[in-house]
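To keep things clear, I will list the structure first and then write my remarks on it.
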Amino acid sequence: MFTPEDFIRTITREISKLGVNCAVAAVSGGVDSTTSAMVTKLALGDRLIPVLFDTGFLRLNETSEIISSLTGLLPIRLIDVKDEFYRAMINLTDAEEKRLTFRDVFYNTLSRVVKDNGCDWVVQGTIAPDWIETTGGIKTQHNVLAQLGIETDKVYGFKLLEPLKDLYKDQVRVLARYLKIPSAITERQPFPGPGLSIRAVGRLTMEKLEVTRWSTRIVEEELSGLGLSQWFAAAWEDDRVIDEELSSMVKEMDNNLAVDVFGIKGTGVKGDSREYGRVVLVRGRLSNWSNAFNLYNRLTYGTNVTHVIYELARRRPSGGYFVAIRAVVTDDYMTANVPMLNESLLRSVAERLMENELINAVGIDVTPKPPATIEFE
Ligand code: XMP
Numbered sequence: 031m032f033t034p035e036d037f038i039r040t041i042t043r044e045i046s047k048l049g050v051n052c053a054v055a056a057v058s059g060g061v062d063s064t065t066s067a068m069v070t071k072l073a074l075g076d077r078l079i080p081v082l083f084d085t086g087f088l089r090l091n092e093t094s095e096i097i098s099s100l101t102g103l104l105p106i107r108l109i110d111v112k113d114e115f116y117r118a119m120i121n122l123t124d125a126e127e128k129r130l131t132f133r134d135v136f137y138n139t140l141s142r143v144v145k146d147n148g149c150d151w152v153v154q155g156t157i158a159p160d161w162i163e164t165t166g167g168i169k170t171q172h173n174v175l176a177q178l179g180i181e182t183d184k185v186y187g188f189k190l191l192e193p194l195k196d197l198y199k200d201q202v203r204v205l206a207r208y209l210k211i212p213s214a215i216t217e218r219q220p221f222p223g224p225g226l227s228i229r230a231v232g233r234l235t236m237e238k239l240e241v242t243r244w245s246t247r248i249v250e251e252e253l254s255g256l257g258l259s260q261w262f263a264a265a266w267e268d269d270r271v272i273d274e275e276l277s278s279m280v281k282e283m284d285n286n287l288a289v290d291v292f293g294i295k296g297t298g299v300k301g302d303s304r305e306y307g308r309v310v311l312v313r314g315r316l317s318n319w320s321n322a323f324n325l326y327n328r329l330t331y332g333t334n335v336t337h338v339i340y341e342l343a344r345r346r347p348s349g350g351y352f353v354a355i356r357a358v359v360t361d362d363y364m365t366a367n368v369p370m371l372n373e374s375l376l377r378s379v380a381e382r383l384m385e386n387e388l389i390n391a392v393g394i395d396v397t398p399k400p401p402a403t404i405e406f407e
């Protein structure tokens, strides 16, 4: 059984034996990186320098919210690296290319900060699902290097400390509560390292990024307090075309339905391997709301479809942006369910999103993990 006292005793003893001169901790304000920095601080004290990168892919007001919730716990230094990330990532389209580029810029920037401060180690909050998914080829998480055989001291000039690398999210939360980290952080929903760059799906543009940032705020506000594990928005071009074959498959379930296919691709996991497949939209009146949550069964089995979305609102046949609402329940983030949210609640969230003229249509992703992943990229 996991007990925070034993874990802390063992890990601080191990860290003390490493001969660390000083370490830079990459903190994102999430529970994993904050807890990993706090545990390391118990062993290193002032030899730990916690930094927060403003990558430009964070949510509205996120940096100031993180700094204020960490006041008194970690003396965090904010480093503005937006230009570096935008220069490298704007216009990238492929999901893995975005993830690999993000990781590259992230570690090069860390390497510079480590050198500038005369340090020799980096502390990061990698946990078990991060490296399991990365080494399993599902998707490259931004904070996995050692498990891929990348020797950071040779490539980036620092040694890597990952005190939580064998823990799962629920254990990290137990540890965080024990360390008296505020609930604004311990209970915070996970947010991927590459942030909104992988939620502005497909070709990354500044406009799509801003639509995603704005939509994320609305969805987070509207769906908070419902006991969800993760809830957010993603956006891409509304350039759908009808697919007759998939449409005939859903008509067997509900005669009024039709299926459109988007131009972007979405990540899924089928039979333990990655699939970068089609993202489809089911539109039309349902005879029963609960049918929406079974649509994925027909459309993902035996096809290359990874995400099935049910349309909640639309302005014109196509054009502008499509916004997908994602809401899942999970303990370990390795699998996830989509709860049957109330129809009128979702339609009112869609209406609020449609107040933005750039948004043409809104839908709810009804695909569990597997066969989808929680994020679209
Ligand atoms: P997926 O999309 O693979 O996500 O079902 C599983 C969980 O991991 C989060 N996630 C990430 N976290 N760096 C992170 O720190 C990443 O690169 C990353 N990618 C996905 C995702 O939000 C979900 O909680």
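When you read off a place in the sequence shown, starting at 1, and then add 30, the result is the number in our numbering. From the three backbone atoms N, C-alpha and C, an ideal C-beta is built for every residue, glycine too.
Not a single heavy atom of the ligand XMP lies less than 7 Å from the C-beta of R308.
By the Cβ neighbour-count rule, M31 is exposed, with fewer than 16 other Cβ atoms within 10 Å of its own. In the three-state scheme derived from DSSP, where H, G and I count as helix and E and B as strand, F32 is classed as coil.
Here T365 has K399 as same chain residues with Cβ atoms under 6 Å from its own Cβ, once five neighbours each way along the sequence are excluded. The DSSP assignment places complete beta strand (DSSP E) segments of no fewer than 3 residues inside the segment 39 to 74 at 53 to 56, in order along the chain.
Non-local beta-carbon contacts of L226 in its own chain, meaning distances under 8 Å to residues more than five positions away in sequence, involve F87, L88, R89, L239, T242, R243, T246 in chain order.
As the crow flies, the alpha-carbon of V152 is around 48 Å from that of S320. Judged by the Cβ position, R129 qualifies as a neighbour of the ligand XMP at the 7 Å threshold, a heavy atom of the ligand being closer than this.
For the 8 Å CB-CB criterion, V54 and I79 form a contact.
Nearest to L209 by alpha-carbon distance, out of T65, E274, N390, Y340, is T65. For Y137, the enclosing alpha helix (DSSP H) begins and ends at 125 to 146. When DSSP reads this structure, W261 sits in a beta bridge with A357. DSSP, reduced to helix, strand and coil, places Y326 within a helical segment of the structure shown.
A distance below 8 Å separates the beta carbons of P222 and E405. In this structure the segment 174 to 185 lies against the segment 148 to 164, because at least three pairs of beta carbons, one per stretch, are closer than 8 Å. Taking the C-beta atoms as reference points, Q219 is found no nearer than 8 Å to Q154. Taking 8 Å as the upper bound for CB-CB distance, I294 and V231 are in contact here, some 5 Å apart.
In the DSSP assignment, I404 is bridged to no other residue. In this structure, E192 has its beta carbon at no less than 7 Å from each heavy atom of the ligand XMP. Using a C-beta cut-off of 8 Å, the segment 248 to 265 makes contact with the segment 352 to 372, since at least three inter-stretch Cβ pairs fall below that distance. Taking 7 Å as the cut-off, the C-beta of D362 does not count as close to any heavy atom of the ligand XMP.
Taking a cut-off of 8 Å on C-beta distances, the segment 39 to 47 touches the segment 71 to 78, as three or more cross pairs fall below it. With respect to the 8 Å criterion, V353 and V392 are classified as neighbours on the basis of their beta carbons. Taking a contact as a CB-CB distance under 8 Å, the pair T403 and T330 does not count as one, their CB atoms being some 12 Å apart. Per DSSP, the beta bridge partners of T297 are Y306. In the DSSP assignment, L205 falls outside any beta strand (DSSP E) and lies within the alpha helix (DSSP H) extending over 199 to 208. Non-local C-beta neighbours of R203 in its own chain, meaning closer than 8 Å and more than five positions away in sequence, comprise V61, T216, E217, ordered along the chain.
For V368, there is no enclosing alpha helix (DSSP H), since its DSSP letter is neither H nor E. Taking C-beta atoms under 8 Å as the contact rule, L311 and F323 fail to qualify, at a distance of about 15 Å. Across the set R377, K184, D362, the C-alpha of K184 shows the shortest separation from the C-alpha of Y137. Distance from the CA of G187 to the CA of N51, rounded to the nearest whole angstrom, comes to 14 Å. Between V174 and T156 the beta-carbon gap is near 6 Å, inside 8 Å, which marks them as a contact.
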